[in-house]
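Student: Can you keep this structure in mind? I'll have questions shortly.
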Amino acid sequence: MRDYLLFKKMIAPTLLKILFWPALAASIYYSARLIIAGNPIGWVPLIVGSLFVRVLFEMLLLFFSINDNLFHIKQKLAEREEK
Numbered sequence: 000m001r002d003y004l005l006f007k008k009m010i011a012p013t014l015l016k017i018l019f020w021p022a023l024a025a026s027i028y029y030s031a032r033l034i035i036a037g038n039p040i041g042w043v044p045l046i047v048g049s050l051f052v053r054v055l056f057e058m059l060l061l062f063f064s065i066n067d068n069l070f071h072i073k074q075k076l077a078e079r080e081e082k
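Using numbering that gives the first Met the number 0, you'd call the opening residue of the sequence shown number 0 and step up by one each time.
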């Protein structure tokens with residue numbers, strides 16, 4: 000808990016992983032509504048929208064992944080300096 004309070008551990012990556020599923024469901028729901036309404040373009044949001052949601056969330060998670068990797072590099076360098 001202390002790591003969260005000191006911002007050493009991020010909450011946002013976990014939230015992004017949770018929010019991905021409702022965003023994907025919303026994309027599928029919107030597409031289903033278009034298809035049911037008889038709109039012939041309803042398949043496009045199903046495919047493109049689902050891919051867009053996935054890529055968007057991956058890009059957002061990438062920033063946190065980079066941050067984690069840099070933190071581990073910093074730790075390894077600090078360990079080397081101690082020796």
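Backbone N, C-alpha and C define an ideal beta-carbon position, used for all residues, glycine too.
1. Quick check on the DSSP output: the alpha helix (DSSP H) that includes Ile-17 runs from which residue to which?
2. One question on the structure: do Leu-60 and Leu-15 come within less than 7 Å of each other, judged by their Cβ atoms?
3. Please report the distance separating the alpha-carbon of Ser-26 from that of Gly-37.
4. Roughly how many angstroms separate the alpha carbons of Val-52 and His-71, rounded to a whole number?
5. Could you check if Ser-30 is buried or exposed, using at least 16 other CB atoms within 10 Å of its CB as the buried criterion?
6. Candidates Asn-66, Met-58 and Lys-75: which alpha carbon is nearest Met-9's?
7. Just to confirm before moving on: does the CB-CB distance between Phe-19 and Phe-62 stay below 7 Å?
8. With Phe-70 as the anchor, note down where its alpha helix (DSSP H) starts and where it stops.
Tutor: If we stick to the structure as given:
1. Per DSSP, Ile-17 belongs to the alpha helix (DSSP H) from 11-35.
2. Yes, they are a contact pair.
3. Computed Cα separation, rounded: 17 Å.
4. So the alpha carbons of these two residues sit roughly 29 Å apart.
5. The residue in question, Ser-30, is buried, as its Cβ has 16 or more Cβ neighbours within 10 Å.
6. Scanning Asn-66, Met-58 and Lys-75 for the CA closest to the CA of Met-9 turns up Asn-66.
7. Taking 7 Å as the Cβ cut-off, Phe-19 and Phe-62 do not qualify as a contacting pair.
8. 49-81 is the extent of the alpha helix (DSSP H) around Phe-70.
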